[in-house]
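If you're matching positions, the sequence shown starts at 6 in this note's numbering and goes up one per residue. For glycine and all other residues, C-beta sits at the position ideal for the given N, C-alpha and C. What follows is a short report on a single structure.
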Amino acid sequence: MATEAGAGGEPKLERSVTLWQITLYGLGSMLGAGIYGLIGQAAGQLGSAVWMAFIVSMIAAMLTGLSYANIVSRYPKAGGAAYVTQRAYMIPLLSYVVGLTVVCSGLTSIATQSNVVAESIIKLFGLTIPVWVLAIGFLMFIGGILLRGIKECMWFNALCTIVEASGLLIVIASGVSYWGSQNLLEFPPEASHNGELGTIAILVMQGAVLTFFSFIGFEDMLNVAEEVKEPKRNMPLAIILAMVAATVIYMAVAITAVSVMHYSELPKALALVAVVEKAWPWFPTIILSVITIFAVSNTALVNWVMGSRLLYGMSKQGLMPEALGKVNPSRRTPHVAIFTIFAIVVILALIGDIKALASSTVLLLLTVFTVVNLALVVLKNREETPEGTFEVPVIVPILGAAVCSALIVVRLFQGGDFTAPAIAIGLIALITVLYFVTGAGRDQARLKRFIEQEDAAAG
6 MATEAGAGGE PKLERSVTLW QITLYGLGSM LGAGIYGLIG QAAGQLGSAV WMAFIVSMIA
66 AMLTGLSYAN IVSRYPKAGG AAYVTQRAYM IPLLSYVVGL TVVCSGLTSI ATQSNVVAES
126 IIKLFGLTIP VWVLAIGFLM FIGGILLRGI KECMWFNALC TIVEASGLLI VIASGVSYWG
186 SQNLLEFPPE ASHNGELGTI AILVMQGAVL TFFSFIGFED MLNVAEEVKE PKRNMPLAII
246 LAMVAATVIY MAVAITAVSV MHYSELPKAL ALVAVVEKAW PWFPTIILSV ITIFAVSNTA
306 LVNWVMGSRL LYGMSKQGLM PEALGKVNPS RRTPHVAIFT IFAIVVILAL IGDIKALASS
366 TVLLLLTVFT VVNLALVVLK NREETPEGTF EVPVIVPILG AAVCSALIVV RLFQGGDFTA
426 PAIAIGLIAL ITVLYFVTGA GRDQARLKRF IEQEDAAAG
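Below, the structure written as structure tokens:
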């Protein structure tokens with residue numbers, strides 16, 4: 006395999022990902038096993054009007070998605086959010102915290118998915134193997150794909166995305182004949198009794214908060230930009246196509262669910278399985294269990310690709326050890342970063358229940374989205390608009406930051422449980438301590454020189 010060399014003769018990541026591959030990558034990141042339970046929870050809040058929540062949450066997420074599309078068209082870098090934060094604010098500590106926050110969200114997700122896959126396989130085949138053995142075996146399998154190369158990652162992702170999308174299409178096909186049988190504007194009794202638009206609007210917003218996280222795959226897409234062909238054109242298009250496709254599928258699934266079963270009958274967990282069982286009683290639902298394994302595996306793969314590229318990009322910026330920026334000359338993969346993530350997620354997987362940690366990273370991701378939206382505002386006001394890039398009006402990132410900030414407030418005070426916020430603050434404190442202990446970002450001149458070299462190469 007030919008090796009493309011960068012500065013100093015070092016091998017670079019391989020730019021081989023096509024538009025359809027990166028679109029499926031984003032769609033696979035958005036579609037996930039969570040939708041099987043999410044519909045039941047959202048219907049409990051919104052009744053048969055649950056489809057409205059997906060429209061509102063898509064619009065809210067699209068604001069940040071368009072900001073990311075603008076950013077990745079201007080700066081198609083593996084460092085993603087950390088690179089943009091450093092470029093806008095020139096505060097290494099902030100860039101370091103932002104980068105590792107995103108990495109932590111990926112690590113908790115990978116570890117959680119490894120245990121879910123292991124438990125699902127044991128249940129499916131009636132095995133007596135310990136969960137941790139299968140979980141580590143699963144991690145070795147996914148890690149092997151990553152080490153093999155970005156092409157192999159994209160083909161595996163395409164397979165998993167098609168399989169998990171087919172699961173949702175099965176749900177739609179099973180219940181499409183029921184469309185029109187239910188009132189799609191029937192709200193829960195408390196909303197109907199109050200009957201005013203204000204109450205309904207609040208319910209829709211609460212449902213949108215719940216469904217917002219079904220659309221945030223654009224963060225994963227941002228970090229593979231250095232491996233995408235024609236990123237200035239293909240990356241923004243892929244982000245928009247993936248979000249629109251996810252919206253269409255989600256809305257069709259939501260309408261199907263409340264058409265087949267009255268919203269009050271939908272179970273909070275595995276609502277879509279219940280829908281298929283009622284609409285197609287002859288259909289073997291074990292197929293949906295197998296599809297769930299593919300969906301969860303895809304989530305783990307996407308997060309691992311994202312995390313390894315983010316560590317690689319931060320290393321190139323001087324925010325992480327140089328070793329994490331090493332690229333295997335034959336496979337063109339950031340192998341040191343991949344092995345580093347493997348070591349961490351094995352430990353997290355062995356710990357087992359990390360739901361509280363995972364919940365805290367949701368808050369941190371919203372904080373990252375706010376910081377990145379505002380970074381785009383800064384860059385738009387400070388730098389000239391490059392030629393041939395996808396650009397959005399400055400009001401888009403401003404509104405994106407406002408929406409994410411509002412969601413942070415809602416998440417903080419929803420349910421009265423402050424465990425997740427406390428863990429989030431503790432994680433930020435730990436990352437800050439790590440920054441000073443390791444001396445990351447100490448060489449300010451190197452950070453500035455890195456950006457200048459990138460600008461020179463782009464120009």
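Asked	Found
Spatial distance of ILE352 from ILE175 (CA atoms)	37 Å
Residue closest to VAL399, alpha-carbon to alpha-carbon, out of THR69, ILE60 and GLY37	THR69
Cβ neighbour criterion (16 or more within 10 Å) applied to ARG387	exposed
Cutoff 6 Å; reference TYR268; Cβ partners in own chain excluding five residues on either side	ALA48, GLY52 and SER53
Residue environment, VAL438, which counts as buried when at least 16 other CB atoms sit within 10 Å	exposed
Cβ neighbour criterion (16 or more within 10 Å) applied to GLU232	buried
Identity of the residue in LEU324, LEU329 and LEU18 nearest PRO81 by Cα	LEU18
Cβ neighbours of GLY85 in the same chain (closer than 6 Å, five flanking residues each side left out)	LEU227, ASN228 and LEU315
C-alpha gap between MET6 and ARG336, whole angstroms	In this predicted model, MET6 has a pLDDT of only 42, less than 50, meaning its place in the structure is not dependable; the value taken from the coordinates is given anyway. Computed Cα separation, rounded: 8 Å.
For LYS283 and LEU272, the rounded distance between their alpha carbons	Rather than Leu, the amino acid found at residue 272 in this sequence is Pro. In a straight line, the C-alpha of PRO272 is about 13 Å away from that of LYS283.
Contact under 8 Å by Cβ, SER72 with VAL377	yes
Length of the line joining the Cα atoms of GLN118 and TRP285	29 Å
Alpha-carbon to alpha-carbon, VAL122 and PHE143	8 Å
Enclosing alpha helix (DSSP H) for VAL180 [first to last residue]	Reading off the sequence shown, one finds Gly at residue 180, where the question assumed Val. Element bounds for GLY180: 155-180.
Assumed close pair VAL280, SER179 - CB separation to whole angstroms, cut-off 8 Å	7 Å
Terminal residues of the alpha helix (DSSP H) in which PRO97 lies	97-130
Below-8 Å beta-carbon distance, GLU169 vs any chain B residue	Absent here is chain B; the protein component of the structure consists of one chain.
Same chain, Cβ closer than 6 Å to PRO241, neighbours up to 5 away in sequence not counted	ALA74, SER78 and PHE395
Nearest-angstrom Cα separation, counted from ALA434 out to VAL108	15 Å
Range covered by the alpha helix (DSSP H) that runs through LYS237	236-265
Nearest-angstrom Cα separation, counted from ALA250 out to GLY172	15 Å
Helix, strand or coil at ALA7 [DSSP, three-state]	With a pLDDT of 44 at ALA7, under the threshold of 50, the modelled position of that residue is not reliable, and no figure is offered here.
Coil, strand or helix - PRO402 by DSSP	helix
Spatial distance of VAL397 from ALA406 (CA atoms)	14 Å
In DSSP terms, what VAL22 is bridged to	VAL233
Same chain only: Cβ atoms within 7 Å of SER294, ignoring 5 sequence neighbours per side	SER125 and LEU129
Alpha-carbon spacing of PHE344 relative to SER313, whole angstroms	9 Å
LEU355 versus PRO135: straight-line alpha-carbon distance, rounded	11 Å
Exposure label - MET35; buried when at least 16 CB within 10 Å	buried
DSSP-derived helix/strand/coil call for LEU16	According to the sequence shown, residue 16 is Pro rather than Leu. Looking at PRO16 - three-state DSSP - the assignment turns out to be strand.
Nearest-angstrom Cβ-Cβ length linking GLY31 and MET311, presumed shorter than 8 Å	No, GLY31 and MET311 are not in contact; Cβ-Cβ is about 11 Å, not under 8 Å.
Simplified DSSP assignment, three categories, for LYS385	helix
Delimiting residues of the alpha helix (DSSP H) encompassing GLY330	GLY330 -> no alpha helix (DSSP H), and no H or E assigned at all.
Candidates ILE260, ALA411, THR424 and ALA83: closest to GLY185 by CA position	ILE260
Option in LEU208, VAL103 and VAL138 with minimal Cα separation from PHE59	LEU208
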